[in-house]
Amino acid sequence: MLLAILPELLLLVLALLLFIVEPFWKGERPRSGWVTFYGLLLIMIVSLIFGTPRASQEAFGGMIRFDWFAFLFKMLFLFGAALTALFFMDHPLLSKRGEAYLLLLAATLGMCLMASASDLVMLYLAIETTSIPLYVLAGFFLNEQDSTEAGFKYLFFGALTSAVMLYGLSLLFGLAGTTALAALGEKFASGQLSLQVAWGILALVTVGLAFKVSVAPFHFWAPDVYQGAPTAVTGFLSTASKAAGFAVLLRLFLMAFPSAQIPWPLLLAILAALTMTIGNLLALPQTNLKRLLAYSSIAHAGYILIGVVAATELGMTSVIFYLIVYLLTNLAAFGILMALGKVLGSDEVTAYNGLSRRSPWLALAMLVAFLSLAGMPPFGGFVAKVFVFAAGVEAGYIWLVFVGVLNSIVGLYYYLNVMKYVYLYRMPGEEEKKHPIQLSQATAWGLGVLILGVILLGTVFAPWFAFSSQAAQAMFLP
Amino acid sequence: MQFPFLSVIVFTPLVAALIILMLPARRKDLVRSVALAAATLDLILSAWVYLTYLLQGLDGYQFVEQYSWLPTLGISLHFGVDGMSTPLILLTGIVMFTGVLISWGEERNGVSAGIQDRPREFFAFLFILASGVFGVFASLDLFMLFFFYEIAVFPMYLLIVIWGWVVTREYAAMKLTLYLFVGSVISLVGALAMVWTAYQNTGVLSFDLLHLEQAGFSAEFQRLWFLPVFLGFAVLGGIWPFHNWSPDGHVAAPTAVSMFHAGVLMKLGAFAALRVGIMLMPQGAKEWSWLILGLATVNVVYGAFIAFVQTDFKYVIGFSSVSHMGLVMMGFATLSREGLLGAGLQMFSHGVMTALFFAVVGMVYDRAHTRHIPDLGGFAKVMPYPAIGFIIGGLVSMGMPGFSGFIAEFPIFMGVWKTQWLIAVIAAVSIVVTASYILIIVRRVFFGEASEVLLHHHVGDVTPLDKLAIVTLCAFMVGLGLFPGLMAPMVGRGVDYILHLLGGA
Numbered sequence: 073m074l075l076a077i078l079p080e081l082l083l084l085v086l087a088l089l090l091f092i093v094e095p096f097w098k099g100e101r102p103r104s105g106w107v108t109f110y111g112l113l114l115i116m117i118v119s120l121i122f123g124t125p126r127a128s129q130e131a132f133g134g135m136i137r138f139d140w141f142a143f144l145f146k147m148l149f150l151f152g153a154a155l156t157a158l159f160f161m162d163h164p165l166l167s168k169r170g171e172a173y174l175l176l177l178a179a180t181l182g183m184c185l186m187a188s189a190s191d192l193v194m195l196y197l198a199i200e201t202t203s204i205p206l207y208v209l210a211g212f213f214l215n216e217q218d219s220t221e222a223g224f225k226y227l228f229f230g231a232l233t234s235a236v237m238l239y240g241l242s243l244l245f246g247l248a249g250t251t252a253l254a255a256l257g258e259k260f261a262s263g264q265l266s267l268q269v270a271w272g273i274l275a276l277v278t279v280g281l282a283f284k285v286s287v288a289p290f291h292f293w294a295p296d297v298y299q300g301a302p303t304a305v306t307g308f309l310s311t312a313s314k315a316a317g318f319a320v321l322l323r324l325f326l327m328a329f330p331s332a333q334i335p336w337p338l339l340l341a342i343l344a345a346l347t348m349t350i351g352n353l354l355a356l357p358q359t360n361l362k363r364l365l366a367y368s369s370i371a372h373a374g375y376i377l378i379g380v381v382a383a384t385e386l387g388m389t390s391v392i393f394y395l396i397v398y399l400l401t402n403l404a405a406f407g408i409l410m411a412l413g414k415v416l417g418s419d420e421v422t423a424y425n426g427l428s429r430r431s432p433w434l435a436l437a438m439l440v441a442f443l444s445l446a447g448m449p450p451f452g453g454f455v456a457k458v459f460v461f462a463a464g465v466e467a468g469y470i471w472l473v474f475v476g477v478l479n480s481i482v483g484l485y486y487y488l489n490v491m492k493y494v495y496l497y498r499m500p501g502e503e504e505k506k507h508p509i510q511l512s513q514a515t516a517w518g519l520g521v522l523i524l525g526v527i528l529l530g531t532v533f534a535p536w537f538a539f540s541s542q543a544a545q546a547m548f549l550p
Numbered sequence: 004m005q006f007p008f009l010s011v012i013v014f015t016p017l018v019a020a021l022i023i024l025m026l027p028a029r030r031k032d033l034v035r036s037v038a039l040a041a042a043t044l045d046l047i048l049s050a051w052v053y054l055t056y057l058l059q060g061l062d063g064y065q066f067v068e069q070y071s072w073l074p075t076l077g078i079s080l081h082f083g084v085d086g087m088s089t090p091l092i093l094l095t096g097i098v099m100f101t102g103v104l105i106s107w108g109e110e111r112n113g114v115s116a117g118i119q120d121r122p123r124e125f126f127a128f129l130f131i132l133a134s135g136v137f138g139v140f141a142s143l144d145l146f147m148l149f150f151f152y153e154i155a156v157f158p159m160y161l162l163i164v165i166w167g168w169v170v171t172r173e174y175a176a177m178k179l180t181l182y183l184f185v186g187s188v189i190s191l192v193g194a195l196a197m198v199w200t201a202y203q204n205t206g207v208l209s210f211d212l213l214h215l216e217q218a219g220f221s222a223e224f225q226r227l228w229f230l231p232v233f234l235g236f237a238v239l240g241g242i243w244p245f246h247n248w249s250p251d252g253h254v255a256a257p258t259a260v261s262m263f264h265a266g267v268l269m270k271l272g273a274f275a276a277l278r279v280g281i282m283l284m285p286q287g288a289k290e291w292s293w294l295i296l297g298l299a300t301v302n303v304v305y306g307a308f309i310a311f312v313q314t315d316f317k318y319v320i321g322f323s324s325v326s327h328m329g330l331v332m333m334g335f336a337t338l339s340r341e342g343l344l345g346a347g348l349q350m351f352s353h354g355v356m357t358a359l360f361f362a363v364v365g366m367v368y369d370r371a372h373t374r375h376i377p378d379l380g381g382f383a384k385v386m387p388y389p390a391i392g393f394i395i396g397g398l399v400s401m402g403m404p405g406f407s408g409f410i411a412e413f414p415i416f417m418g419v420w421k422t423q424w425l426i427a428v429i430a431a432v433s434i435v436v437t438a439s440y441i442l443i444i445v446r447r448v449f450f451g452e453a454s455e456v457l458l459h460h461h462v463g464d465v466t467p468l469d470k471l472a473i474v475t476l477c478a479f480m481v482g483l484g485l486f487p488g489l490m491a492p493m494v495g496r497g498v499d500y501i502l503h504l505l506g507g508a
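Residue numbers (the numbering used here), protein chains in the order written: chain A, 73 to 550; chain B, 4 to 508.
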């Protein structure tokens, strides 16, 4: 049974190890960072060898499900956390602060539990385990007003929506007398629970989850928090944390609320249309790249919701595939922003003038990441979008897919607009040759892996699709 | 196992682009040499495919390759060419080759021809685009068709915005990209609807075009989805009223990109509209052909008149492209043997012709630094090759017998006459207008008094590589004009297949 929580256990060991040895380390090298990075890689390898699920099964009295769905998400979180640790090391204020890595590990531990929780109590515990370290990380730079503001805003809205969701969960327990998701689903399906009540509960729960994945109208925290938080933290927040939110959303909605009785897809479809449109339209006037990516990440939550709305096996597969692509792409984008923000001292788009002449490779990496976000082949974003749209059309939500494709046009506009600064405009005085940009080796490797991954996902997509499909099937098995 | 011609053709530019990116930015001539080598290889291979198809008198889809890509959803990398697409593969090979020649350019005493700023990135992006174009023409899988279609669209933005004409490049590049993207995503929704409907009808989930042809879409489905799919692609074919991006885009683009754009990319739109729109939903095509015919007529006549009143050399050519692509659409809309045959030939003929036009415009502009027609004059004396090339292109454009334009336009008008004689009469006006604006340019730019520009800017002759490009392009136009048998029967067999799908005839 311990195999079911193997990654979580190892994460705990790693965190405790870091906790003990970190105070004794001094000197220039960011040793905690390397320990975190290699530790996370090791956990991935060990879990892949020993911890793969044979069949879907319950563990710890139904608290946790041990299936491919949970496993795939855990690997995704571990990968994201490892890359984030690499990016942490590049930042002078983060690299030698052991507590940053500790918080990162704690949040990752929470996310792993979020992916596997199959009980309301476990679910809520996992969400809080993830959120609290992230609040601290967002406000990590105590001397910077933006960062503390981001931390506080995130905490404030997070606590509020979390309380609303908890209220919904408690109502659910009060009415059904059980906290197990599968049992709840059966009670709804067999009509033992009134469906009117279900709508009220659904609304409360949706508030909490919509906040986690920044779905409109609970998105307004995202731009401020993304902009204010340290860039490497923003990258983690916008990818792994969002993926974890979607994992819970899928698990909860598919298991506890049977869509045949409770037509929640329609509710989510409206939210999806709203989210895409708001995210993309508000991204248009942004000149700060972190803010722009924040709105773009809201828009992406909308696209992903199209797959959730479909509520079919293909829909779930496309959601998982999309999340994989999105995690890699957005981590790359924020990684680039972080590396450049350090050199340029600004996240304004005008600071990127002449980038392609200063560092052709970094410019190319940025092009790949942004085009993938825009949904252009041969990058992962294109394939992911087509799958999500295909699932939407299959389920008959043609209007929603039309909203989606029209939105992706708006998206293309602002992504390409950024590339204009990178490739066309010049630095004042056209002195690019005198200001080359050097990357640290850790960042360069990290970005290289991510960009390669984005291209692989967009060209050789069959194996990734197979993994996603296997994870999605786990949701539909008893 | 046969040599995988088509995949080598499709992926050569992509591999070349990667190699080019690895080269040091300072070694400009090395970058260009690699580009030229790749382009030559692709030209030879596409000519080989063309000649094999022609000489062996093949029929149907040939050079077929199929690699399973995502079996769960029925996506495969399925390549194959027929009588319609083989000439377009050859066309892409020709334009790619000549485009590289033109972009080589030269940089000496005030002349900055071709691409001198960051040629490494230029050729890399151009070749990614070329891969996309080859891919669309060769794809027999709907998913892959979209995949390559989008690959052909986005590098265009960068190519225009970075290397384009300073005055309008930012505006034109964005306009072009958004127009094309809007068209393609709307078609994409239609395509997805087709795939799922075919799944319901046949029980097989597949993106394969040959499978979808047999899917038996209901008349109602076709009536609903034909227009979005056809028009979505036809945006790239420059159909009125969605043609607006095209003259702006052509003018703003650097020479080689204009050649690619007008020469090949507009055919991409027309071809995809035919392949996905008409061939998969023949019933819908029959129902809406009157609308397409009407729009195309506006294209032809309106495009010609607007071209006539332009004073910018490049805008004239830009609008003439709109006018000529209207003829292709018109040929499609007749849904008859003559019309489709003419449209197939016109796609090739216009591709070569307009590539030549833009090449000549680029050569003149790079040396004269202006495109304002009244300021130009007497250029035939200093640059005889472009002058002769332009005259040949002009004769093709007017549809003179003995040139490829004639054998393409004549069947189109025959087809239109049979369908609706009035339209043929109206459209024929464009021939006169075309003749007049071409002749005006020939007189003003190449002959007549030596202009101020010519005397002051020390305009010199073009480079040997430019001459080679002009000769290559002219050879194809004259060759096809004198020996229509080199292409017409092949396209004819492609048309037979389309007519078979349309039922009867």
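Ideal Cβ positions, reconstructed from N, Cα and C, are used throughout, including at glycine.
Here B:Ile163 is near B:Ala255, since their CB atoms are less than 7 Å apart. Per DSSP, the beta bridge partners of B:Ile78 are B:Leu73. B:Val312 and B:Ser433 have their C-alpha atoms roughly 13 Å apart.
Apart from sequence neighbours up to five positions away, the residues of its chain that approach A:Met135 with a beta-carbon distance below 8 Å are Ala189, Ser190, Asp191, Val193, Met194, ordered along the chain. Beta-carbon to beta-carbon, A:Phe138 and A:Ala198 are separated by about 15 Å, too far to satisfy the 8 Å threshold. By the C-beta criterion, the stretch 372-385 of chain B is judged not to be in contact with the stretch 345-357 of chain B, since fewer than 3 inter-stretch pairs fall below 8 Å.
Taking the Cβ atoms as the reference, B:Leu143 lies roughly 6 Å from B:Leu213, within the contact range of under 8 Å. DSSP places A:Arg101 outside both helix and strand once states are collapsed to three, so it counts as coil. Looking at the DSSP output, A:Arg137 bridges to A:Glu130. Distance from the Cα of B:Ile165 is smallest, within the candidate group B:Gln119, B:Phe449, B:Val207, for B:Gln119. Below the 7 Å Cβ cutoff, chain A contributes Leu488 as neighbours of B:Tyr160, in chain order. Within the stretch 73-84 of chain B, those residues whose Cβ lies closer than 7 Å to any Cβ of chain A are, in chain order, Leu73, Thr75. In terms of beta-carbon proximity, B:Leu195 lines the interface with chain A, with at least one pair separated by less than 7 Å. In this structure, the straight-line span from the alpha carbon of A:Ser266 to that of A:Phe260 is close to 8 Å.
Counting only runs that start and end inside the stretch 406-460 of chain A, the alpha helix (DSSP H) elements of at least 4 residues fall at 427-430, 432-446. The Cβ-Cβ distance between A:Leu403 and A:Gly307 falls below 7 Å.
Inclusion of A:Ala435 and A:Leu443 in the CB contact set at 7 Å is not warranted, their separation being larger than that value. The continuous alpha helix (DSSP H) containing A:Glu221 extends over residues 217-248. CA-to-CA, the gap between A:Arg103 and A:Ile481 works out to about 45 Å. Taken in chain order, the complete alpha helix (DSSP H) segments of 4 or more residues contained in the stretch 140-207 of chain A are 140-160, 170-188. Contact of A:Met491 with chain B by beta-carbon distance below 9 Å involves Tyr160, Leu161, Val164. Per DSSP, reduced to three states, the secondary structure at A:Asn360 is strand. Below 8 Å, too few C-beta pairs join the stretch 441-460 of chain B and the stretch 327-335 of chain B to call them touching: fewer than three.
For the options B:Ile281, B:Tyr388, B:Met262, the alpha carbon positioned closest to that of B:Gly235 is the one of B:Ile281. Of all alpha-carbon atoms in A:Gln217, A:Glu200, A:Glu258, A:Leu309, the one lying nearest the alpha-carbon of A:Leu232 is that of A:Glu200.
With the rule of 3 Cβ pairs closer than 8 Å, the stretch 399-416 of chain A counts as touching the stretch 303-318 of chain A.
Cβ-Cβ distances below 7 Å link B:Tyr500 to Gly63, Asp85 in the same chain, with the five nearest sequence neighbours on each side left out; the list follows chain order.
Assignment of A:Ser390 by DSSP, reduced to helix, strand and coil, places it in the helix class. Going by C-alpha positions, A:Val381 is about 42 Å away from A:Ser512. Residue contact with chain A for B:Val37: absent (no Cβ-Cβ distance below 7 Å to any residue of chain A).
Contact holds between the stretch 76-89 of chain A and the stretch 108-115 of chain A, because three or more Cβ pairs, one in each stretch, are under 8 Å apart. For A:Leu529, the closest Cβ of chain B is not nearer than 7 Å. With a threshold of 16 other beta carbon atoms within 10 Å, B:Ile242 meets it and is buried. With a threshold of 7 Å between beta carbons, B:Ile118 makes no contact with chain A. Under the three-state reduction of DSSP, A:Val521 is assigned to helix.
Residue burial is scored here from C-beta neighbours: A:Asn479 has at least 16 other C-beta atoms within 10 angstroms and is therefore classed as buried.
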